[in-house]
Amino acid sequence: MPELPEVETTRRGIEPFAQGQTIEHVIIRQAKLRWPVDKALNKKLNGQKITGITRRAKYLLLQTHVGDLMIHLGMSGSLRIVGKREAKEPVQKHDHVDICLSNGKIIRFNDPRRFGSIILNKQADKHSLLEKLGPEPLTEEFNADYLHAKAKSRKVAIKSFIMNNHIVVGVGNIYAQEALFLSGINPNRTACKVSKVRVEKLVSNIKQVLADAIKAGGTTLKDFSGADGKPGYFQQTLNVYGRSGEPCLNCCFELKQAIIGQRTTVYCSNCQR
DNA sequence: ATCGGGACCTGCTTGC
DNA sequence: TGCAAGCAGGTCCCGA
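Its first residue numbered -1, the first sequence is counted upward by one per residue in my numbering.
Here it is in structure tokens:
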């Protein structure tokens, strides 16, 4: 489920249940994730208070005095809140890790493909996976001057460029396609050949698309503690993602599909140049 | 420094 | 109906 809006929605969903709670127990059923889960996690986190729940890129960060628990959902991961005292919820397939809290709730990590990860680090922002990441897309630090300067001399496709975490974080395959469509930029265009004016449009649309998706995700939050707490992309109008062969919503040309950076990409060859 | 490709996994859909 | 191929929202790492 993870594009940045889904991760942020998850963060907001678990925050009210987890903020200020003490971790009583960590259960690891499957340690083989993207990186092996530390077997001593329970020992290290037992009795620790969760002092904050934040996000950096697509990592959720549970902050404690012994360090930050960095949770990445990979391609198929999700977190859900399970209430011990409420409807008994049996452990399901791929429920790999439980973080049991002092209020009786459990943060349950499920991830069929196991591309996700759970890592404890003294300071998340000092971890090698995080320290070299680009700016958050929804901050002022991510602006047209920055992106245009970075793109100078870059010969990859603009789509691959904006999906590169060292340039800007949180732009995944769906929203990269949507933002490029809204900006009228062909995803295959060489990054350094996109004019400043169009880079401005692109930055603005990346922000817009992500902000709208977070807003839409927020409408599902009230159901977060429910069985499958999955926010849906269907809440938002997607112009191109998944619509290959269908008519462009702008000009009615048939949308084309290409593989860029090993990822399926749908675009309008008429609107996007 | 930059780039492309392979790798890590399971599950669902599609086509023969 | 059954089985294999193809594809999926991420991203790290390696070799060129």
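Note that the Cβ used here is the ideal one computed from N, Cα and C, for glycine as well. Just so you know, these numbers come straight off a predicted model, no measurement behind them.
Burial of Thr8 is indicated by the presence of at least 16 other C-beta atoms within 10 angstroms of its C-beta. Residue pairing by DSSP places Ser115 opposite His70 in a beta bridge.
In this structure, the straight-line span from the alpha carbon of Lys148 to that of Arg261 is close to 22 Å. Straight through space, the alpha carbons of Leu127 and Asn101 are spaced by roughly 32 Å. Counting C-beta pairs closer than 8 Å gives three or more between the stretch 190 to 200 and the stretch 139 to 148, which meets the contact rule.
For Ser202, the enclosing alpha helix (DSSP H) covers residues 194 to 216. Per DSSP, the unbroken alpha helix (DSSP H) holding His146 starts and ends at 142 to 149. Residue pairing by DSSP places Asp93 opposite Asn108 in a beta bridge.
Beta-bridge pairing by DSSP links Cys98 to His23, Ile104. Around Cys98, the same chain offers Glu22, His23, Ile104 as residues with beta carbons nearer than 6 Å, after the five sequence neighbours per side are excluded. Under the 10 Å beta carbon count, Gly75 is surrounded by 16 or more other beta carbons and is classified as buried.
Within the same chain, Cβ atoms closer than 8 Å to the Cβ of Ser267 are found at Asn184, Phe251, Lys254, the five residues on either side in sequence being excluded. Your pair Leu118 and Leu39 checks out as a contact, with CB atoms roughly 6 Å apart and the cut at 8 Å. Look at Thr8 here: in three-state DSSP terms it is helix. Contact annotation, Lys157 with Leu136: C-beta distance approximately 20 Å; criterion of less than 8 Å not satisfied. The secondary-structure analysis by DSSP pairs Tyr173 with nothing; it has no beta-bridge partner. DSSP places Leu253 outside both helix and strand once states are collapsed to three, so it counts as coil.
In terms of Cα proximity to Asn171, the closest of Thr188, Ile204, His63 is Ile204.
Here DSSP, grouped into helix, strand and coil, assigns Pro14 to helix. Using a Cβ distance threshold of 9 Å, Arg32 and Arg112 count as a contacting pair. When the Cα atoms are used, Gln61 and Gln28 turn out to be separated by approximately 23 Å. His70 counts as buried, since no fewer than 16 other beta carbons sit within 10 angstroms of its beta carbon.
Around Leu131, the same chain offers Ala55, Asn163, Val167 as residues with beta carbons nearer than 6 Å, after the five sequence neighbours per side are excluded.
Straight through space, the alpha carbons of Ile212 and Leu200 are spaced by roughly 18 Å.
Beta-bridge partners of Thr52 (DSSP): Leu59.
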